[in-house]
Amino acid sequence: MRHALRILLTLGVAGPLLLGILDSSFLFLPLGNDLLLVILVSRDHRRYLPVAALASLGSTLGVVLLDLVCRKGGEGGLKTMLKPKRLAFIKKKMSRHAGYAVALACIAPPPFPFTAVVGAASAFSYPRIRLLAIVFASRMVRYLLIGWAAIVWGRQIVRIARSPEFFWTMVVFVTICAIGSAFSVAGWIRRTRYASTQTA
């Protein structure tokens, strides 16, 4: 984890861009960009706006990849992953409040199902440009708030990050991320294969 964090930190403001793409596409890295943003901004407050903007852009680009897969699979792809009642419930909500659901998913912290909500919006053909605009704007709000917290409490956050308790918390966190990523990638591959068989 320290090695990965060191690599991302050497990338400077480009680190959140890369991590945002990975996190919002097919990997499961909850709070990863939040923590990276806190460290970068607490070290240099001048990075506040660039880091927030690039993290938001990275998340939006990641959603582009997710959207391409889920939109191609469509509702049929969701049927392979969700029970009929659950699918009907999500379809009803998306038909009425898709934009609000996507915005909430972008702002809310885990365990709110960001990938599931965005994937469902794409599968039900929510307008792509509108989807990406909502993702960018909502993520920008989230990262601006996190960056502000880093400016106000940055030293305390860094001090906590150096503690043994935080180290072991991150060990558990990375383990959860690895397991979650495995499931996420498996589902992503399954959806892709299903879409291929439908178009074949």
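Going by the working numbering, 139 is the number at position 132 of the sequence shown; the sequence numbering is gapless.
The beta-carbon is built from N, C-alpha and C at its ideal position, and this holds for glycine as well.
Between I114 and V71, the C-beta spacing is not below 9 Å. Counting along the chain, the unbroken alpha helix (DSSP H) around G39 starts and ends at 39 to 50.
The region 41 to 56 makes no contact with the region 128 to 139: fewer than 3 CB pairs, one atom from each, lie closer than 8 Å. At a Cβ-Cβ threshold of 9 Å, V125 and A140 do not count as neighbours. Rounded to whole angstroms, the separation of the alpha carbons of A128 and F121 is 11 Å.
Closest in alpha carbon position to R137, among L18, Y150, T17, D74, is D74. By the criterion of at least three beta-carbon pairs nearer than 8 Å, the region 40 to 51 is in contact with the region 153 to 162.
Within the same chain, G27, I28, D30, S31, N40, C113, V142, F143, R146 come within 8 Å of S66 by CB-CB distance, once the 5 residues on both sides are set aside. Check the Cα spacing between K98 and each of W155, L44, E82: the tightest is with E82. In this structure, the beta-carbon distance from A60 to L44 does not fall below 9 Å. Taking a 10 Å sphere around the C-beta of A95, we find fewer than 16 other C-beta atoms and assign the residue as exposed.
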